[in-house]
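Participant:
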Amino acid sequence: MQDKLGNTVDVHLDRGNHQYVICYPSEAATTVAGLADFQDRDGTEGPERIFFHTEVGEEYGGRGLASLLIRQALLDTTSEGRRIVAVCPFVRSHLEKKGHNGAWREPTPDELAEFDEDER
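Spelled out as structure tokens, the structure:
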């Protein structure tokens, strides 16, 4: 996968921290360009993954990293058989503008309240 500048990037699941991470393989393993935080739950219609925060470092802005990160996270989530819950405004916008072949839904008011604005 490549950013808008043609540089190779890697997206991987950090299950222990409940986040997807995007980084440049040539940089130190601890250097993260961006992340998408989530929480897994069992919903009324099956397993769900609630995405509540997406962030890319300012120094990496304009490279399309957030879109690459979310696209891979959504594909991975769907392949696990989980429905996507779009609490994060960026994730919701991505789904509305670009679509997605997997199941997803808007968050409930209770879910929005649970993940307050400081976390999104």
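In the working numbering, the protein residues as written are 4 to 123.
For every residue, glycine included, the Cβ atom is placed at its ideal position computed from N, Cα and C.
#1: Taking the straight line between their C-alpha atoms, what separation do you get for residue 50 and residue 114?
#2: Can you tell me which of the three DSSP states residue 55 falls into?
#3: So residue 37 and residue 72 are in contact, right, with Cβ under 8 angstroms, and what is the actual spacing, rounded?
#4: Starting from the Cα of residue 84, find the closest Cα among 52, 93, 111 and give me that residue.
#5: Name, in chain order, the residues that DSSP records as bridge partners for residue 50.
Facilitator: The relevant details are as follows:
#1: Cα to Cα, the separation comes out at about 15 angstroms.
#2: In this structure, residue 55 counts as strand in the three-state DSSP scheme.
#3: Correct: roughly 5 angstroms between the Cβ atoms.
#4: With distances taken between Cα atoms, residue 84 lies closest to 52.
#5: Looking at the DSSP assignment, residue 50 forms a beta bridge with 45.
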